[in-house]
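Notes to accompany the following structure.
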Amino acid sequence: MKELTNKRLTLEDVSRFFTRRKVEVLSLLLILICALSVFTGRIGSKQALTLDNGKLQYNGYVVASKMNGQGQLTFENGDSYQGQFKNGIFHGQGTYKSASGWVYTGEFKNGYADGKGKLTTEGQAIYEGRFKQGIYQNEN
1 MKELTNKRLT LEDVSRFFTR RKVEVLSLLL ILICALSVFT GRIGSKQALT
51 LDNGKLQYNG YVVASKMNGQ GQLTFENGDS YQGQFKNGIF HGQGTYKSAS
101 GWVYTGEFKN GYADGKGKLT TEGQAIYEGR FKQGIYQNEN
């Protein structure tokens, strides 16, 4: 019968198994796996989403599970926004059309009309110029 011995693992045993070449290949594979996991979470893909139990319909780019880039969002009441999104909110150039008839086209920042834009009301009154957090800034 073979007797079991408690052999200690030495540095020499480890260095014989892990040659420099094997360590380099393993390191490269580990770096590639880490890089892929970082980048695949940030790559945008065009998707059609139904949100808030069907109250919102989104068609556009999604990055990290948020609306990002160009897209169109349609609300249950008929309002719609077409333009740029950043982290799930209106940010950049876009057009918001309300079901009641008013339209804003211009810059958005953090979800508000902010920057240069044009608001046309239901009665066809036009406000063109600068907006700050959704409020028209009368420049007179």
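In terms of UniProt numbering, the sequence shown is residues 1 to 140.
Just so it is clear, CB atoms sit at the ideal spot from N, CA and C, and this is done for glycine as well.
Bear in mind the structure is a predicted one, so any value in this text is a computation, not a measurement.
Near N68, which residues of its chain fall below 7 Å by C-beta distance, leaving aside the five closest residues on each side in sequence? G44, Y61, V62, F85, K86 and N87
Find out if the Cβ-Cβ distance for the pair Y96, V103 is shorter than 9 Å. yes
Secondary structure of Y18, DSSP reduced to three states: Before going further, note that residue 18 is Phe rather than Tyr in the sequence given. DSSP places F18 in coil when its eight states are reduced to three.
Which runs of the alpha helix (DSSP H) spanning at least 4 residues fall entirely within the region 34-95, listed in chain order? none
Short Cβ contact (9 Å threshold) for G92 with E107: yes
Whole runs of the beta strand (DSSP E) within the region 111-140, excluding any shorter than 3 residues: 112-120, 126-132 and 135-137
Which two residues bound the contiguous beta strand (DSSP E) that contains T105? V103 to K109
Check whether the Cβ atoms of E122 and G101 lie closer than 9 Å to each other. yes
Exposed or buried, what is F131 when buried is set at 16 or more other beta-carbons lying within 10 Å of its beta-carbon? buried
What does DSSP give as the partner residues of K97 in its beta bridges? S80 and V103
Relative to the C-alpha of Q133, which residue among A48, G115, I126 and G83 is closest? G115
Measuring only the C-alpha atoms, how far is Q137 from G94? 19 Å
Around the C-beta of G54, are 16 or more other C-beta atoms found within 10 angstroms, so that it is buried, or is it exposed? exposed
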